[in-house]
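S.K.: Going by the numbering used here, the sequence shown opens with residue 14, and the numbers climb by one from there. Quick one: the structure is below, and I'll ask about it shortly.
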Amino acid sequence: MPETNEITRFFGGSPAWVLVRLVILSVVVGVILAALGIDPMNILTSLERLVRSLFNFSFEAVERLWRYFLLGAVVVIPLWLILRVLGRR
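Here is the structure:
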């Protein structure tokens with residue numbers, strides 16, 4: 014019987030009752046989404062577009078960061094070298 018209790022605890026109730034609740038909830042959400050004109054492929058396409066834009070944004074951010082680094086390094090590194098050389102005298 015301990016195995017049944019673990020399953021019941023995992024599902025948050027008896028598996029049959031949880032299945033019934035999930036089916037009813039899925040139908041209600043499906044009706045609401047259909048009323049809004051949203052279909053599953055539309056949701057998947059939107060998720061795919063989101064992942065692609067985040068992926069592209071991350072590469073653009075890295076490229077921008079690299080350009081800022083190079084721009085700053087052109088000024089900072091020569092100044093640092095000059096200060097190090099003058100500081101040793």
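Backbone N, C-alpha and C define an ideal beta-carbon position, used for all residues, glycine too.
What distance in whole Å lies between the Cβ atoms of PRO28 and ILE37, which are believed to be in contact at a cut-off of 8 Å?
M.R.: Their Cβ separation, rounded to whole angstroms, is 15 Å, which puts ILE37 and PRO28 out of contact at 8 Å.
S.K.: Hey, how far is the Cα of SER39 from the Cα of LEU67?
M.R.: SER39 and LEU67: Cα-Cα distance of roughly 29 Å.
S.K.: Residue ranges of each alpha helix (DSSP H) run of no fewer than 4 residues wholly in the region 33–68, ordered along the chain?
M.R.: As far as the region 33–68 is concerned, it has no whole alpha helix (DSSP H) run of at least 4 residues.
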